[in-house]
Structure formats: structure tokens, C-alpha cells
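Residue numbers for the sequence shown follow my numbering, beginning at 31 and rising by one.
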Amino acid sequence: MIRLERVSKIYESGGKKVEAVKDVSLHIKKGDIFGIIGFSGAGKSTLLRLVNLLERPTKGNIIVDNYDLNSISSKDLRQLRRKIGMIFQTFNLFNSRTVYGNIAYPLRLEKKSKEEIHQRVTELLQFVGLEDQADKFPEQLSGGQKQRVGIARALATSPDILLCDEATSALDPETTNEILNLLKKVNEEFNITILLITHEMNVIRKICNRVAVMENGRIIEEGEVFNIFSNPQEKTTKNFISSVVNEKLSSSLLEKLRKDHERKLYRIVFSGDTASQPILSTLTAKHNIHFNIIYGSINELQNQLFGNLIVEFIGADSQIEEVLKELTEIVEVREVTNGES
Ligand code: ADP
31 MIRLERVSKI YESGGKKVEA VKDVSLHIKK GDIFGIIGFS GAGKSTLLRL
81 VNLLERPTKG NIIVDNYDLN SISSKDLRQL RRKIGMIFQT FNLFNSRTVY
131 GNIAYPLRLE KKSKEEIHQR VTELLQFVGL EDQADKFPEQ LSGGQKQRVG
181 IARALATSPD ILLCDEATSA LDPETTNEIL NLLKKVNEEF NITILLITHE
231 MNVIRKICNR VAVMENGRII EEGEVFNIFS NPQEKTTKNF ISSVVNEKLS
281 SSLLEKLRKD HERKLYRIVF SGDTASQPIL STLTAKHNIH FNIIYGSINE
331 LQNQLFGNLI VEFIGADSQI EEVLKELTEI VEVREVTNGE S
């Protein structure tokens, strides 16, 4: 659906060059909810503007819906623009137009008849749950309602792709969840491919199936959300994950745990099927030792469970060795050292 091949974007301002996007290759498939996460300045907005056809790449190719943006005709470009909807952190609504007027706007631009516009806007108002707000003006709405209008307006021309620029960053956690659920519904009911940028791992965890982590203009890690969460490779990715998955212990707590528990501590990471099986109790019973869970969490991700526990084993050293050997064949096991909390 969207393919970026070795794309770079260099801005030149005041005689200085800024390489905002560096050699990025990505493939977003039809039906994906693809998230790009990174800190401020990582290059996310530039990447989104490249896909949105607002910026031209300095190097590389961008292919959207089988059109190569380097060689697209202006007629096809106009056509393609209609297939891409966009929503924004600050909603970008027309304050002088009502909710109805905002949603109708892109249809008026397309010179649709009054009846067609009325039918489509009514459908969309219902879809986003704002049937009773049609005559209100944006300033009379809450942030969540404004974003619902933004979503309805983006959907008005029945796009194939929805781009979301930090769409929930201005909202409280509860409203964020409502809007994320609505985006999931957009994806599932209309089979619209969603590309979103965010600095919040919570957004990725809640709705994305794939994620790319961006840093200094580059994609440093990319893959299925479940795989990235259960086995992150890069430090930045680990930091983002620890902001939503409570797996990191403070060094003071680790020190205290070490004082209270003199034995070696092990971090065990379960994912998928292994997270719901009684592996620890089965293995420790088999080798006649005990285990003690010191700290841990089990989370839901993409309809799968994944757990992260710190345990100590109590029993004969030789038996503990046997349990560790067998455990390592099934799940990820690491001894917790002072450097890793
Ligand atoms: P993010 O969305 O991840 O915060 P941006 O894509 O906005 O990142 O910015 C990436 C880098 O490109 C930053 O160093 C930013 O200052 C620079 N940049 C973004 N837009 C422009 C522009 N129009 N002109 C010059 N530099 C820009």
C-alpha cells in the first residue's frame, strides 16, 4: 500500500543542511495499523509529510497505492490525494463552521450534490457518535469530540489511507482510549490502512500491528508489535517499552531485593502460549525445588499474553541448574545482574 525505498529528506535553511529522514525503507501493507514512534525531532512528521505528498524526498522512491510519487502525473496526484485522509493533534477544524459544515467541507470541494453530502455526513456523524452535535461549533466541543469531527472529516471522501499525526497527544487518557478504539473501528469496518506517528508507546500497544522506531532520521527497529515488545533490541525501543510495561526496577528497589533475597535472581520473559502455561510450577515440582516470584507483570498485547517475572529458586544447586536448563529451552531467562534492573 505504502512503500518507501531508501528515502532521505534534507532541509536547507539559512545555509545549513538538516537531514531529517535518512535512508528509510518501509513497507506498510493494506489493512495495517502501522505506528512510527520516536522522540521529538526524530523525523516522524517529515516522514508523514512525505507520504502525504506535501514534501518531496531528496533521495529515494515513495510508492503509494502503486503510484510512484517521483513520476506521478498531476492528474493522478489529485486523484491520489483524495485517497489519503489525515487527522492532527490540534484537530485543525474550521472554527467558523459547524460540526456538519466541517465534515461536509471536503465533499463540497468535490462538488457533491446537497443530497449526497447530507447522506454521507449523516452516516459519518453516526459512525463517530456525534449525531446530536451536528449544529455545534468546534469551541462548544470537548477535545475528544473535536477529534471525532476530525476523523469524520478525514473519512468523508472514503479514503484508503488515514494518516494520524499525534492524534491523541492532546487528549486525556480516557479520551485517548475512546479515540484509539474509534481508529481501530475505522480500520476494521472500512479496511482503511492507518499510518500514525506518536511519541507514546501506549498508542502503539493499543492499536498497532506493526511498529517502526525512529531515531535521528533513521528507522532503528521495525516489526510486529508483539515481537518488538517481547524482544526489543535497541536501547531506545527498550526505553519506550518500559514506559508502558512495568518491567524495569529502580536500582534502589533492586538493591533492597538483593538484601532480602541472597540467592541469584532471574528474569523470565514469557510470551504467547508460554505465558498462560504453568511452566514454572511444573518444572520446579519435577525437580523438587521451589520458586518465589519477587516482581513481575503480565500484559495483553495483540490478543496475546506476555509476562515478565523476576524469580528466585530455592533448593539444591544441581536441581536449580536442571530447571534453568529446561526453562531456557522454552522461555527467555536472564540472570539479573546489578547493571540490568
Ligand atoms: P518529529 O516529527 O519526530 O519531531 P520532524 O520531522 O519534525 O521530527 O523534524 C526532524 C528534523 O528536521 C528536526 O531536526 C527538525 O528541526 C528538522 N526540520 C523539520 N522540518 C523542517 C523544515 N521545514 N526546515 C528545516 N528543518 C526542518
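Even for Gly, the Cβ is constructed at its ideal location relative to N, Cα and C.
Excluding the five sequence neighbours on either side, which residues of its own chain have a C-beta within less than 7 angstroms of the C-beta of residue i, listed in chain order?
{"i": "Thr120", "result": "Ala200"}
{"i": "Val299", "result": "Ser260, Asn338, Val361 and Glu362"}
{"i": "Thr205", "result": "Gly173 and Gly174"}
{"i": "Leu331", "result": "Arg235, Val255, Phe256 and Phe259"}
{"i": "Met231", "result": "Ile67, Phe270, Ile271, Ser273 and Val274"}
{"i": "Glu356", "result": "Leu313"}
{"i": "Thr198", "result": "Thr206, Ile209, Leu210 and Val233"}
{"i": "Gly322", "result": "Here residue 322 is Asn; the residue named in the question, Gly, does not match the sequence. Cβ neighbours of Asn322 beyond the five flanking positions: Val341, Glu342 and Ile344."}
{"i": "Thr407", "result": "Residue 407 lies beyond the range of the chain shown here (31 to 371); nothing can be said about it."}
{"i": "Thr266", "result": "Val243, Glu245 and Ile250"}
Looking at the unbroken beta strand (DSSP E) that takes in residue i, where does it start and where does it end?
{"i": "Glu365", "result": "Glu362 to Glu365"}
{"i": "Leu193", "result": "Ile191 to Asp195"}
{"i": "Ala242", "result": "Arg240 to Glu245"}
{"i": "Arg248", "result": "Arg248 to Glu254"}
{"i": "Met116", "result": "Ile114 to Phe118"}
{"i": "Thr228", "result": "Thr223 to Thr228"}
Run through the DSSP bridge pairs and tell me what residue i is partnered with.
{"i": "Glu49", "result": "Ile40"}
{"i": "Asp387", "result": "In the structure as shown, the chain begins at 31 and stops at 371. Residue 387 is therefore absent and cannot be evaluated."}
{"i": "Asn338", "result": "Val299 and Ser327"}
{"i": "Gly65", "result": "Leu226 and Val241"}
{"i": "Leu56", "result": "Leu34"}
{"i": "Phe343", "result": "Phe321"}
If you drop the 5 nearest sequence neighbours on each side, which residues of the same chain put their C-beta closer than 8 angstroms to that of residue i?
{"i": "Ala164", "result": "Thr128, Val129, Tyr130, Val151 and Leu155"}
{"i": "Ser43", "result": "none"}
{"i": "Pro189", "result": "Arg112, Lys113, Ile114, Gly115 and Ile222"}
{"i": "Arg79", "result": "Glu85"}
{"i": "Ala242", "result": "Leu56, Phe64, Gly65, Ile66, Ile67, Ile249, Glu251 and Glu252"}
{"i": "Leu110", "result": "Leu83, Val94, Asp95, Tyr97 and Ile102"}
Residues in its own chain within less than 6 angstroms of residue i by CB, not counting five upstream and five downstream?
{"i": "Asn132", "result": "Leu123, Phe124, Val179 and Arg183"}
{"i": "Ile63", "result": "Asn217, Ile224, Ile237, Cys238 and Asn239"}
{"i": "His57", "result": "Arg33"}
{"i": "Pro262", "result": "Lys268 and Ile271"}
{"i": "Arg36", "result": "Asp53, Ser55 and Gly90"}
{"i": "Pro136", "result": "Ala186 and Thr187"}
{"i": "Ser311", "result": "none"}
Between which two residues does the alpha helix (DSSP H) carrying residue i extend?
{"i": "Arg297", "result": "Taken as a continuous stretch (DSSP letters only), Arg297 belongs to no alpha helix (DSSP H), being part of the beta strand (DSSP E) at Leu295 to Ser301."}
{"i": "Leu160", "result": "Looking at the DSSP string, Leu160 is not in any alpha helix (DSSP H), and its letter there is neither H nor E."}
{"i": "Phe220", "result": "Pro203 to Phe220"}
{"i": "Arg138", "result": "Val129 to Leu139"}
{"i": "Phe270", "result": "Lys265 to Ser272"}
{"i": "Ile309", "result": "Ile309 to Lys316"}
{"i": "Thr2", "result": "The requested residue 2 does not occur in the structure, where the chain is confined to residues 31 to 371."}
{"i": "Lys142", "result": "From DSSP, Lys142 is part of no alpha helix (DSSP H); its letter is neither H nor E."}
{"i": "Ser281", "result": "Ser281 to Asp290"}
{"i": "Gln177", "result": "Gly173 to Leu185"}
What does the shell around the ligand ADP hold, if a residue joins when its beta-carbon is under 6 angstroms from any heavy atom?
What you get when you keep residues with a C-beta closer than 6 angstroms to any heavy atom of the ligand ADP is Tyr41, Ser43, Val48, Ala50, Gly68, Ser70, Gly71, Ala72, Gly73, Lys74, Ser75 and Thr76.
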